[in-house]
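Peer 1: My questions all concern the structure below.
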Amino acid sequence: MIWVRQVNGACLVIAALFILLLWVPLESHAAGGRTYRVHGQVMAVNISQSPQMIVVKTPLSKHNDMTVGAKVSAHTRITRKGKRISLQHVNVGEGVWLTYIKQRDGVFARIIQVQ
């Protein structure tokens with residue numbers, strides 16, 4: 515019974531460290547907000563409305579995910595294999611690294627790196 519509690523405790527510690535790694539801010543403040551970087555799968559891309567949007571689902575643990583929806587602007591840098599691309603060339607289901615800024619007025623994509 516003690517061994518099971520130790521394993522459960524170790525799993526919780528590992529899960530907490532994983533979550534912290536996903537949420538460590540890259541910069542303390544960027545344009546009045548906090549900057550974060552997540553890795554996940556593209557769930558949706560909206561290029562037909564303004565502002566354009568990207569939605570990325572990232573795993574936090576085995577049974578828990580986080581979904582980030584971010585506005586994409588002309589200032590957002592989108593790349594695939596080091597070459598710049600437009601949002602219309604990002605497909606649902608692709609893996610991405612998303613760097614975003616969370617501000618009072620919304621969540622804004624800063625860098626999208628398509629895998």
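Residue numbers (my numbering): 515 to 629. Every residue gets a Cβ at the ideal spot worked out from N, C-alpha and C, and that includes glycine.
#1: Within the continuous beta strand (DSSP E) that includes Gly609, where are the two ends?
#2: Output yes or no for whether 8 Å exceeds the beta carbon distance between His553 and Thr572.
#3: Mapping the DSSP letters down to three states, classify Gln602 as helix, strand or coil.
#4: Hey, quick one: how far does the beta strand (DSSP E) through Ile561 stretch, first residue to last?
#5: DSSP three-state call for Ala623: helix, strand or coil?
#6: So the beta strand (DSSP E) Gly547 belongs to, where does it begin and stop?
Peer 2: In terms of the structure at hand:
#1: Gly609 to Gln617
#2: yes
#3: In the three-state reduction of the DSSP assignment, Gln602 falls in the helix class.
#4: No beta strand (DSSP E) contains Ile561, which DSSP labels as neither H nor E.
#5: If DSSP states are grouped into helix, strand and coil, Ala623 belongs with the strands.
#6: Where Gly547 is concerned, there is no enclosing beta strand (DSSP E), because DSSP gives it neither an H nor an E.
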